[in-house]
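Asks: Mind having a look at this structure? Questions to follow.
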Amino acid sequence: MCLDDNGKGLYSTGLGHGDALHVSDLDPSIPGLEVFGIQERFDDAGASFRSAATGEIYWKKASVKAGEDGEGPGRGLALDIDPRYPGFECWVAGAGIRGMFDCKGNKIADRIPSCNMGIYWDGDVLSELLNGTTIDKWDYPNAKTTRILNTADFQCRSNNGTKSNPVLSADILGDWREEVIYRTADNKELRIFSTPIPTEHRFYTLMHNPQYRLSIAWQNVGYNQPPHLGFFMGAGMSQPPKPEIVFPKK
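Numbering-wise (the working numbering), the sequence shown opens with residue 186 and increments by one.
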């Protein structure tokens, strides 16, 4: 369900038990924000893509029941990792929903990368893939990943078992690319990793965006999956909206 900022209910999808979901301007051809999420059951809405404001479902994918036991998709992810298709690409871990889909629900690839978190790391505006202690780049013409960083080489470990999260991923040091924080294997240190890759893009920091700042908070109080912005960021994007910056009076 979705609550308004005054605490009153806006709508309920009626789809049942979900998992982590992704909220941003996933489809820039549609005004406003969209939601991509999965339902942990076997039915015609194993994955769905809908309006964040009204709950209208634009498309959904059925999950296939393989046996009497178990549940539907365990996780889904939406990131812009392929510049050949407008908006965010969406994919699901398991439950018979195979392949990667564009923001209109069309299947665009048979193979998928990791289905955990994303991070803005290199110099372009596409997302990279953050999974466990690794950062990978999606090689979209060949439908495979290229390893950029493995923080396990620096004695770092992820958290939360199969969730495989860092301590935090966020744009905390300026620029607009994101840093990632891990614990060491002996739990004695936190280590912050920041990109060394130059970029031609100049944006306000992501923390200037209110939805993104809230996303950083929810990593530690709710479901730790990637933060998302309140505007479309990816291939073919417009210049981000200028944030409202207020300086306190002395």
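Every residue, glycine too, gets a C-beta built ideally from N, C-alpha and C.
The model shown is predicted, which means the values in this text are computed figures rather than measured ones.
1) Figure out for me which residue from Gly222, Asn191, Asn327 has the closest Cα to the Cα of Ala205.
2) Going by DSSP in three states, Lys322 sits in which element: helix, strand or coil?
3) Where does Trp276 land, buried or exposed, given buried means 16+ other C-beta within 10 angstroms?
4) I'd like the span of the alpha helix (DSSP H) that includes Ser400, first residue to last.
5) When you compare the CB positions of Arg376 and Arg368, do they come within less than 9 Å of one another, or not?
6) What residues in its chain sit with their C-beta under 6 Å from that of Leu391, if we drop five residues either side in the sequence?
7) If we count Cβ pairs, one from each stretch, closer than 8 Å, do we get three or more for the stretch 186-198 versus the stretch 211-219?
8) Assess contact between the stretch 287-294 and the stretch 304-324, defined as three or more Cβ pairs (one per stretch) separated by less than 8 Å. Is contact present?
9) Among the candidates Gly415, Gly240, Ile333, whose CA atom is the shortest distance from the CA of Ile382?
10) Tell me the residue span of the beta strand (DSSP E) that contains Arg235.
11) Taking Phe221 as part of the beta strand (DSSP E), name the residues at either end of that continuous run.
12) In the DSSP assignment, the beta strand (DSSP E) including Val208 goes from what residue to what residue?
13) Less than 9 Å between the C-beta atoms of Gly419 and Ser312, yes or no?
14) Taking the alpha carbon of Thr347 as the reference point, which residue from Asp189, Lys435, Arg260, Tyr243 has its own alpha carbon closest?
15) For Val431, does the count of other Cβ atoms within 10 angstroms reach 16, so buried, or fall short, so exposed?
16) How many whole angstroms separate the CB atoms of Ile282 and Glu274, which I take to be in contact at a CB cut-off of 8 Å?
17) Where does Gly346 fall in DSSP's three states?
18) Using three-state DSSP, classify Thr336 as helix, strand or coil.
19) Give the single residue among Asn405, Val352, Ala278 whose Cα lies nearest to the Cα of Glu374.
20) Thinking just about the alpha-carbon of each residue, which of Asn394, Leu414, Lys427, Asn345 is nearest to the one in Asn405?
21) Once you ignore the five residues that flank Gly494 on each side, which residues in its own chain have a CB closer than 8 Å to its CB?
Replies: Quick look at the numbers:
1) Within the sequence shown, residue 205 is the residue found at index 20, counting from 1. Closest by alpha carbon: Gly222.
2) Residue 322 sits at position 137 when you count from the first residue of the sequence shown. Three-state result, Lys322: strand.
3) Along the sequence shown, one-based indexing puts residue 276 at 91. Trp276 is buried by the Cβ-count criterion.
4) Position 215 of the sequence shown, counting from 1, holds the residue named residue 400. Looking at the DSSP string, the run of the alpha helix (DSSP H) that includes Ser400 is 395-406.
5) Numbered from its first residue, the sequence shown carries residue 376 at position 191. Numbered from its first residue, the sequence shown carries residue 368 at position 183. In this structure, Arg368 lies closer than 9 Å to Arg376 by Cβ.
6) Indexing the sequence shown from 1 puts residue 391 at position 206. If we look at Leu391 and ignore the five residues flanking it on each side, its Cβ neighbours are Asp356, Trp361, Tyr397.
7) no
8) no
9) On the sequence shown, position 197 is the one that residue 382 refers to. It is Ile333.
10) On the sequence shown, position 50 is the one that residue 235 refers to. Its beta strand (DSSP E) spans residues 232-236.
11) Residue mapping note: residue 221 aligns to position 36 of the sequence shown, counting from 1. First-last of the beta strand (DSSP E) with Phe221: 219-224.
12) In the sequence shown, counting from the first residue as 1, residue 208 sits at position 23. Its beta strand (DSSP E) spans residues 203-209.
13) Start at 1 with the first residue of the sequence shown, and residue 419 comes out as number 234. Start at 1 with the first residue of the sequence shown, and residue 312 comes out as number 127. Yes, these two residues count as a Cβ contact at 9 Å.
14) Numbered from its first residue, the sequence shown carries residue 347 at position 162. Checked all of Asp189, Lys435, Arg260, Tyr243; the closest Cα to Thr347 is Arg260.
15) What you label residue 431 is simply residue 246 of the sequence shown in a count that begins at 1. By the neighbour-count rule (16 or more Cβ atoms within 10 Å), Val431 is not buried but exposed.
16) Along the sequence shown, read from residue 1 onward, the residue named residue 282 stands at position 97. Along the sequence shown, read from residue 1 onward, the residue named residue 274 stands at position 89. In fact, because the Cβ distance is near 14 Å, the residues do not count as touching under 8 Å.
17) Your numbering for residue 346 matches position 161 in the sequence shown. Three-state result, Gly346: helix.
18) Against the sequence shown, residue 336 aligns to sequence position 151. Helix, per DSSP.
19) Mapped onto the sequence shown, residue 374 falls at position 189. The shortest C-alpha separation from Glu374 is found at Val352.
20) Numbered from its first residue, the sequence shown carries residue 405 at position 220. Ranking the options by Cα distance to Asn405, first place goes to Asn345.
21) Outside the displayed range of the chain (186 to 435) lies residue 494, so it cannot be described from this structure.
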